[in-house]
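Just add 242 to wherever you are in the sequence shown, counting from 1, and you've got this note's numbering.
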Amino acid sequence: MLMRVWADEDDLVCVHPGGPRIVGAAAIRASFEQILSRGVLRITPERVLRTNTRSCAVHSVVERVQMQADPGETKFAFVLATNIYIKTPDGWRMVLHHASPGTAHEVAEVIATAERLH
């Protein structure tokens with residue numbers, strides 16, 4: 243299901259936080275399967291900046307990542323991600339996902355914004 247957002251291309255690129263550069267759909271699929279095998283993962287975009295053209299879109303995102311590895315044990319992290327999409331006959335598809343661990347500054351901004359909105 244997760245791979246449906248990706249383009250049907252050979253030169254897809256993915257970098258998980260702190261990880262190596264992964265190239266190709268099969269390798270990217272395997273990397274996500276390994277991540278998801280550790281527990282339930284929920285990713286919520288907190289801040290999204292978008293730049294679009296007719297055939298390309300770049301999204302810079304602060305993501306809140308929630309992982310439940312064991313019952314009753316939930317871990318949170320913030321990730322800074324850049325996603326690049328191209329327009330295909332099947333709609334917009336991702337060709338690059340590059341993620342880094344969020345810094346204390348981004349975490350504080352997201353938390354402060356959430357507190358002001360609620």
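Just so it is clear, CB atoms sit at the ideal spot from N, CA and C, and this is done for glycine as well. For clarity, every value in this text was computed on a predicted model and none was experimentally measured.
Cβ-Cβ distances below 8 angstroms link L254 to W248, V265, G266, A267, I270, M336, V337 and L338 in the same chain, with the five nearest sequence neighbours on each side left out; the list follows chain order. Burial check for N294: the Cβ neighbour count within 10 Å stays below 16, so the residue is exposed. When DSSP reads this structure, Q310 sits in a beta bridge with V282 and T316. Beta-bridge partners of H339 (DSSP): C256 and N325. Separation of D332 and V304 (C-alpha to C-alpha, rounded to the nearest whole angstrom) is 27 angstroms.
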